[in-house]
Amino acid sequence: MKKALLFATVLAFALTGTVFADEEAAVAEGEVTTEAAAAEEEVTTEAAVAEEEVAAEETEAPATDESADEVTEEEVEEMAGEELIIESGDKSIYGVIYKPEEANGTLIIMSHGYNGTHNDWVQEGTTFAGKGYTAYAYDFCGGSVNSQSSGKSTEMTINTEKQDLLDVVDYFKSSGEFEKIFLLGGSQGGFVSSLVAAELKDEIGALAMYFPALCVPDDWKNNYPDPSEAPDTFDFWGMDLSREFVEDVQQIDMYGTIGDYKGDVLIIHGDEDPIVPYEYSERAAETYEHAELIKMEGEGHGWSPEAWPKAIEMVLEFFEAH
4 MKKALLFATV LAFALTGTVF ADEEAAVAEG EVTTEAAAAE EEVTTEAAVA EEEVAAEETE
64 APATDESADE VTEEEVEEMA GEELIIESGD KSIYGVIYKP EEANGTLIIM SHGYNGTHND
124 WVQEGTTFAG KGYTAYAYDF CGGSVNSQSS GKSTEMTINT EKQDLLDVVD YFKSSGEFEK
184 IFLLGGSQGG FVSSLVAAEL KDEIGALAMY FPALCVPDDW KNNYPDPSEA PDTFDFWGMD
244 LSREFVEDVQ QIDMYGTIGD YKGDVLIIHG DEDPIVPYEY SERAAETYEH AELIKMEGEG
304 HGWSPEAWPK AIEMVLEFFE AH
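Position in the sequence shown (from 1) plus 3 gives the number in the numbering used here.
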């Protein structure tokens, strides 16, 4: 969901002038048609006014060429960051790194949600880099039908994703380049980030999450009370999973684990989320020793165009305080 919104937002910025001009023309045309049904003389007058308004909008709109309509997701990514593939054992973790002109010594690792990709974080990555942070967004191995990392989705479990993030953290720690490492995760990526923060403890400077999917263990216990009854493989929301995924996630004691992280935590969650009930984040905020939960009124699982920049700004302020 967020990926589609992100790319649509990026393209909208690229095509702002053309879109606004077309909208004015469409409104003017609608007005002309309506007036024509009432009086032909008024139609002529309204049409003339509409033409002047559209002409004015087109004059003010920035010039664009046809190639702007052909901007691809890959081109947006290329303009924003650099490819960085992390090799770990027999797997390859594909990602994109966003580098600031003047680095402040802090790295932000961004983990996508279920069936998402590194492209979900273009806006965050470019924003953070603009403020001096280095940011890295990657694909979980087998974590998406569009993943560029190695592995199949039927081989993916919550613990394989946890290991992917641990491997990414270890790669950057080994570089010796960063004084601090922060984690930012969305949905299932937030769930995984919370588990990694609990394991690494004070090695993680701060943890931020968008609508973390802390409901996942409960959901799969409800779906398959006896995990052995799950099919060998099955489709779930457009991606094939395995029985191993079900068995694995049911072994996780979410609230008995995440509180091991004693650092500061920021959780941002919409109160109308139909996928992850807001109550799960409320319980998480009570579980952590130092947590702030921000309720996004009227927001669901993913941000609206109005809420998204606010969420990014809140995460940025949180990280800047650390």
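By construction, the Cβ of each residue, glycine as well, lies at the ideal position given by its N, Cα and C atoms.
Around the Cβ of residue 118, a 10 Å sphere holds 16 or more other Cβ atoms; the residue is buried.
Nearest C-alpha to residue 123 among 130, 132, 113, 131: 113. Residue environment: residue 254 is assigned as exposed (fewer than 16 neighbouring CB atoms within 10 Å of its CB, all protein chains considered).
Classified as exposed, residue 105 has fewer than 16 neighbouring CB atoms from the shown chains inside 10 Å of its CB. Taking a contact as a CB-CB distance under 8 Å, the pair residue 266 and residue 205 counts as one, their CB atoms being some 7 Å apart.
When the five nearest sequence neighbours on each side are left out, the beta carbons in the same chain lying within less than 8 Å of the beta carbon of residue 182 are those of 108, 109, in order along the chain.
Per the coordinates, the alpha-carbon of residue 193 lies some 23 Å from the alpha-carbon of residue 102. Here residue 178 carries a helix assignment [DSSP, helix/strand/coil].
Counting only the Cα atoms, residue 315 lies some 6 Å from residue 127. Ranked by Cα distance from residue 164, the first of 150, 146, 178 is 146. Going by beta carbons, residue 186 and residue 169 fall outside the 7 Å limit.
About 5 Å separates the beta carbon of residue 85 from that of residue 100, a gap short enough to meet the 8 Å contact definition. At the C-beta level, residue 152 and residue 243 stay beyond 7 Å of one another. For a cut-off of 8 Å, the C-beta gap from residue 304 to residue 271 is around 12 Å, too long to register as a contact.
Inter-residue distance for residue 286 and residue 214 is about 13 Å (C-alpha atoms, whole angstroms). Ranked by how close their Cα comes to the Cα of residue 231, the residues 251, 238, 239 have 251 in first place. Taking the C-beta atoms as reference points, residue 318 is found no nearer than 7 Å to residue 291. Residue 288 sits in a helix when the DSSP states are folded into three classes. Per DSSP, reduced to three states, the secondary structure at residue 169 is helical. Looking at the DSSP output, residue 183 bridges to 109.
Residue environment analysis places residue 208 among the buried positions, since at least 16 neighbouring C-beta atoms fall within 10 angstroms of its C-beta. Residue pairing by DSSP places residue 91 opposite 94 in a beta bridge.
By a beta-carbon distance limit of 8 Å, residue 96 contacts residue 171. Their separation comes to about 6 Å. At a Cβ-Cβ threshold of 7 Å, residue 259 and residue 302 do not count as neighbours. In this structure, the alpha-carbon of residue 159 lies about 13 Å from that of residue 237. DSSP, read as helix, strand or coil, puts residue 325 in coil.
One thing to note: residue 188 has its Cβ no nearer than 7 Å to the Cβ of residue 140. Look at residue 271 here: in three-state DSSP terms it is strand. Residue 309 has its alpha-carbon roughly 42 Å from the corresponding atom of residue 92. Taking 7 Å as the cut-off, the Cβ atoms of residue 191 and residue 116 count as close. Straight-line spacing of the CA atoms in residue 149 and residue 228 works out to 30 Å. The beta carbon of residue 175 is closer than 8 Å to those of 110, 112, 139, 181, 184 in its chain, skipping five residues each way along the sequence. The alpha-carbon of residue 142 is positioned some 12 Å away from that of residue 94.
Taking the CA atoms as reference points, residue 323 sits about 41 Å from residue 226.
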